[in-house]
Amino acid sequence: MNETRTEVIRMEGVRKTYRSGAIEFEALRGIDLTIRSHEMLAVIGPSGSGKSTLMNLMGCLDVPSGGLYRFEGRDVAKLTSTELADLRNRSIGFVFQSFHLLPYATARENVEMPLLFGGASPRARREKALEMLAKVGLAERAEHLPTQLSGGEMQRVAVARALANDPKVILADEPTGNLDTRTGRGIMDLFVKLWNEGGTIVLITHDLRLAGACSRILKIEDGLIVHDGDAVPDGEEALAH
Amino acid sequence: MSSLAQGLSLTWRNLSRRRSRATLILFAVAWGTLSMMMLLAFGEGLKIQMLKSAESLGASPVILWGGNTTRPWHGMKAGRDVPLTEEDVAALRREIPEIEEISGETARWAVEMRWGSKSVSARLTGVTACFEKIRSHHPQRGSRFLNDADQAMSRRVLFIGPMLKDRLFGEAEAVGQTAFVRGVPFTVIGVMVDKPQMGMYGGPDVDKASIALSTFETIFGEGPYNNVVYSVKPGVGTEAVEAKVREVFARRHRFDPTDESALHFWDTADMGEDTKKIMGGIQIFLGLVGGMTILVAGVGLANMLFVMVHRRTREIGLMMAIGARRSVVTIQVIGESLILAGVGGYLGIGLAWLIIEGLQRVPVHNEGLQFLGKPTLSAPTAAATVLVLVGIGCFAGTLPARRASRLNPVEALRHE
Chain G
1 MNETRTEVIR
11 MEGVRKTYRS
21 GAIEFEALRG
31 IDLTIRSHEM
41 LAVIGPSGSG
51 KSTLMNLMGC
61 LDVPSGGLYR
71 FEGRDVAKLT
81 STELADLRNR
91 SIGFVFQSFH
101 LLPYATAREN
111 VEMPLLFGGA
121 SPRARREKAL
131 EMLAKVGLAE
141 RAEHLPTQLS
151 GGEMQRVAVA
161 RALANDPKVI
171 LADEPTGNLD
181 TRTGRGIMDL
191 FVKLWNEGGT
201 IVLITHDLRL
211 AGACSRILKI
221 EDGLIVHDGD
231 AVPDGEEALA
241 H
Chain S
1 MSSLAQGLSL
11 TWRNLSRRRS
21 RATLILFAVA
31 WGTLSMMMLL
41 AFGEGLKIQM
51 LKSAESLGAS
61 PVILWGGNTT
71 RPWHGMKAGR
81 DVPLTEEDVA
91 ALRREIPEIE
101 EISGETARWA
111 VEMRWGSKSV
121 SARLTGVTAC
131 FEKIRSHHPQ
141 RGSRFLNDAD
151 QAMSRRVLFI
161 GPMLKDRLFG
171 EAEAVGQTAF
181 VRGVPFTVIG
191 VMVDKPQMGM
201 YGGPDVDKAS
211 IALSTFETIF
221 GEGPYNNVVY
231 SVKPGVGTEA
241 VEAKVREVFA
251 RRHRFDPTDE
261 SALHFWDTAD
271 MGEDTKKIMG
281 GIQIFLGLVG
291 GMTILVAGVG
301 LANMLFVMVH
311 RRTREIGLMM
321 AIGARRSVVT
331 IQVIGESLIL
341 AGVGGYLGIG
351 LAWLIIEGLQ
361 RVPVHNEGLQ
371 FLGKPTLSAP
381 TAAATVLVLV
391 GIGCFAGTLP
401 ARRASRLNPV
411 EALRHE
């Protein structure tokens with residue numbers, strides 16, 4: 001089955017350095033990583049270990065300071081800002097901890113946003129947005145403003161938005177971090193469902209129980225991958241349960 | 001769908017959901033536009049009024065006075081007077097075809113005039129029929145100016161300025177009344193239409209009385225004219241005619257034609273030109289003042305857009321994350337600026353138009369206001385305003401838009 005899985009993300013010795021005046025900070029110090037389609041990957045690690053930096057690079061929001069990053073075979077470092085924007089639009093779906101919904105736009109309009117940037121017609125946008133909202137179980141709430149939705153519902157809208165352009169990969173950064181345990185479990189179930197339907201998902205989390213549901217677990221410490229396997233690393237299992 | 005359509009779609013959404021702020025800015029832009037339009041329109045009205053005043057002397061007549069010779073000429077001494085006589089005027093009319101109308105003018109200061117028991121003192125001039133045209137002595141409705149028959153028959157008829165009419169007759173109807181000029185009875189045949197007057201000699205036209213030149217001579221005796229007034233035919237330069245007038249006089253009175261002091265000319269067409277130049281300057285000044293006002297509105301607009309970009313930093317970060325190109329972000333902000341400037345400007349122009357049209361219909365009696373004229377819209381005024389508005393819209397939007405489009409999406413998403 002592995003042969004049919006295409007390579008989505010490939011990193012070789014990826015480094016990221018932040019400079020603030022004279023002080024240099026190396027957030028990532030050489031990451032080698034390949035992610036294929038239909039994987040559900042959890043990235044765990046303590047605060048400040050470089051998880052978010054890794055996600056920003058994977059999501060082409062930022063470019064590496066060194067090393068090679070290929071997204072679907074394209075060298076990201078060589079893309080212009082417009083090409084990066086188009087790549088994010090078509091191939092990547094983001095889900096953030098704090099939802100990042102536009103407050104003055106309805107659930108449907110929020111989901112339509114990536115379709116707008118993708119150049120879809122108003123009619124096509126509307127149809128696709130309603131389809132995605134139905135997929136996350138919010139068909140009834142399409143015309144509600146974010147302020148009229150619960151936390152779990154807002155995150156479902158964000159997931160629907162991430163799915164709108166049928167992306168190659170969904171990047172979720174602490175998607176349950178702002179939700180209570182039960183609601184968080186509901187969102188996690190949604191991700192598992194998407195994975196079962198053939199999606200590729202990268203999940204950044206503190207929550208080892210969430211990580212436990214993934215097919216592959218990556219642990220980062222001090223900007224380096226210290227664990228890459230199909231189970232939560234030893235010694236942390238106890239913490240998780 | 002192009003970046004332009006995407007950006008404008010977002011612009012529209014933002015503006016329609018944030019009305020109060022947009023309304024304030026609309027008001028500022030509308031006010032600035034209104035101020036600029038009104039100032040320019042007042043400038044235009046003032047210019048028109050000034051030009052009208054400059055023409056109150058008549059259709060740019062040339063006024064000629066006799067002077068003194070300063071050089072000896074053909075055995076004659078310097079320092080001789082040059083009188084202006086009836087024969088001189090006849091010679092000028094005969095020899096210079098470029099002259100359209102010409103008339104001598106005689107005058108006396110402080111002539112006693114009486115009507116019933118009322119007695120006033122005023123300037124009296126002896127003129128001919130052509131003064132109606134070349135010196136704008138237009139009669140009011142129901143009255144007339146002196147004509148050739150008055151001149152030919154030395155009729156004792158009197159034409160008076162409106163101010164003198166008020167002094168002598170008060171509210172009473174003057175035309176047809178008999179007034180005594182130096183004890184001689186005259187019939188009032190006309191009252192002059194009131195007019196603002198910028199250039200004058202021998203006092204304002206509104207406060208003097210005119211009688212036929214021939215009648216004047218029967219009362220005061222014959223003598224040289226005080227001055228001669230003439231107009232030239234359309235398309236003829238007054239300077240060329242002036243030279244010919246000098247030649248005719250030099251020959252007739254035997255003086256050096258290059259002797260500048262022998263004759264004095266006042267070419268009132270020059271005054272019109274000067275007035276145009278001065279008014280052009282005033283209009284530029286008023287335009288600048290208006291432009292400054294609108295600039296303040298523009299700075300307010302830019303400020304609002306900066307605040308908006310700052311407040312929406314996370315939102316802009318998100319839009320970039322989900323695939324908005326930098327051009328879409330730029331167009332969105334500039335679009336917002338142009339729409340606010342455009343709609344505000346439209347409101348301002350409309351309001352200014354209403355006010356100006358309204359003022360055109362209000363009759364003005366105050367003298368100062370009359371001199372100011374009525375504000376008038378002109379095509380250049382409107383064009384200048386629209387141009388400034390477009391400039392303001394682009395200027396106000398550019399910097400905030402640059403800032404927004406250069407945001408780093410990672411940092412923008414983290415912005416609090």
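Here the protein sequences line up with chains G and S, keeping their order.
Under the working numbering, the first residue of the first sequence is numbered 1, with each subsequent residue one higher.
Under the working numbering, the first residue of the second sequence is numbered 1, with each subsequent residue one higher.
Quick reminder that beta carbons are idealized off the backbone N, C-alpha and C, glycines included.
The model shown is predicted, which means the values in this text are computed figures rather than measured ones.
Judged by DSSP in its simplified three-state form, H38(G) adopts coil rather than helix or strand.
Inter-residue distance for E153(G) and A134(G) is about 12 Å (C-alpha atoms, whole angstroms).
Take the alpha-carbon of G221(S) and the one of T268(S): they are about 30 Å apart. From the beta-carbon of P114(G), the residues of chain S found nearer than 7 Å are I322, G323.
With contacts defined by Cβ atoms closer than 8 Å, K219(G) and I44(G) form a contacting pair.
CA-to-CA, the gap between L263(S) and L64(S) works out to about 7 Å. With respect to the 8 Å criterion, M279(S) and M50(S) are classified as neighbours on the basis of their beta carbons. Taking C-beta atoms under 8 Å as the contact rule, S121(S) and A110(S) qualify, at a distance of about 5 Å. Less than 8 Å divides the Cβ of I211(S) from the Cβ of L124(S). Assigned with DSSP and collapsed to three states, K219(G) falls in strand. Using a 10 angstroms sphere on the CB of A160(G), the tally of other CB atoms reaches 16 or more, which defines it as buried.
At a cut-off of 8 Å between beta-carbon atoms, Q283(S) makes no contact with chain G.
For H206(G), there are no C-beta contacts with chain S under 8 Å, since the nearest C-beta of that chain is about 18 Å from it.
V29(S) and I322(S) have their alpha carbons spaced roughly 34 Å apart.
Within the stretch 145-157 of chain G, no residue has a Cβ lying closer than 7 Å to any Cβ of chain S. Taken through DSSP and simplified to helix, strand or coil, D274(S) comes out as helix. With 16 or more neighbouring CB atoms inside 10 Å of its own CB, E315(S) falls in the buried class. Non-local beta-carbon contacts of R10(G) in its own chain, meaning distances under 6 Å to residues more than five positions away in sequence, involve T34, R70 in chain order. Taking each of E221(G), V232(G), P233(G) in turn and checking the Cα distance to A27(G), the smallest one comes out for E221(G). In the DSSP assignment, S9(S) falls within the unbroken alpha helix (DSSP H) covering 3-17. For the stretch 306-317 of chain S, the set of residues with a beta-carbon nearer than 9 Å to any beta-carbon of chain G comprises R314, E315, G317, in chain order.
L171(G) sits close to G59(G), with the two beta carbons spaced by under 8 Å. In the structure shown, the three-state DSSP call for R182(G) is helix.
Against chain S, a Cβ distance below 7 Å from D230(G) picks out nothing, because the smallest value is about 30 Å. Considering only F27(S), K233(S), G287(S), the residue with the shortest C-alpha distance to F42(S) is G287(S).
Chain G has a Cβ within less than 8 Å of the Cβ of P409(S). Under the 8 Å criterion on CB atoms, L413(S) is classed as interfacial with respect to chain G. DSSP places Y18(G) in the uninterrupted beta strand (DSSP E) bounded by 7-20.
At least one CB atom of chain S sits nearer than 8 Å to the CB of N89(G). For K244(S), the three-state secondary structure derived from DSSP is helix. Judged by DSSP secondary structure, E112(S) falls outside any alpha helix (DSSP H) and instead within the beta strand (DSSP E) spanning 99-115.
Counting the other CB atoms within 10 Å of its CB gives M308(S) a total of 16 or more, which places it among the buried residues. Look at F94(G): its C-beta is under 8 Å from a C-beta on chain S.
Collapsing the DSSP output to three states places I96(S) in coil. Only residues of its own chain outside the window of five on either side were considered, and among them G161, P162, M163 have a CB closer than 6 Å to the CB of V206(S), listed in chain order. Rounded to the nearest whole angstrom, the C-alpha separation of M271(S) and K233(S) is 18 Å.
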